[in-house]
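Novice: The structure follows.
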Amino acid sequence: MSVYRKNCDRCNRPSFSSSEAGEWLCPICGNDLTRYPFFNAISLEKVAIMSDWKKQKYKKMANS
Numbered sequence: 004m005s006v007y008r009k010n011c012d013r014c015n016r017p018s019f020s021s022s023e024a025g026e027w028l029c030p031i032c033g034n035d036l037t038r039y040p041f042f043n044a045i046s047l048e049k050v051a052i053m054s055d056w057k058k059q060k061y062k063k064m065a066n067s
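In my numbering, the protein residues as written are 4 to 67.
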């Protein structure tokens, strides 16, 4: 399981999650971080996240 980090530009605090999907609000100030880039929580490298439609496409291919 991966842990992701997003950085809030409103309160300048990090936010952590293990989920790639759904709404992501800063736990400190409530700023919507959903469209902010993901970073690996350990290395702080930017992470490329698959879009929902690509995930569905790959699931369908795997089940075929």
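Just so you know, even glycine gets a beta-carbon here, dropped at the ideal spot from N, CA and C.
Rounded to whole angstroms, what is the Cα-Cα separation between Ser-22 and Lys-49?
Specialist: Those two C-alpha atoms are separated by around 15 Å.
Novice: In three-state terms, what does DSSP make of Arg-8?
Specialist: Looking at Arg-8 - three-state DSSP - the assignment turns out to be strand.
Novice: Could you check how far apart the C-beta atoms of Leu-36 and Leu-28 are, in whole angstroms? I think they sit under 8 Å.
Specialist: Sure, about 7 Å apart at Cβ, within 8 Å.
Novice: What residues in its chain sit with their C-beta under 7 Å from that of Pro-30, if we drop five residues either side in the sequence?
Specialist: The answer, listed in chain order, is Ser-18.
Novice: For the beta strand (DSSP E) containing Ser-20, name the first residue and the last one.
Specialist: First-last of the beta strand (DSSP E) with Ser-20: 17-20.
Novice: Where does Asn-34 sit, in a helix, a strand or coil, going by DSSP?
Specialist: Looking at Asn-34 - three-state DSSP - the assignment turns out to be coil, as it is neither helix nor strand.
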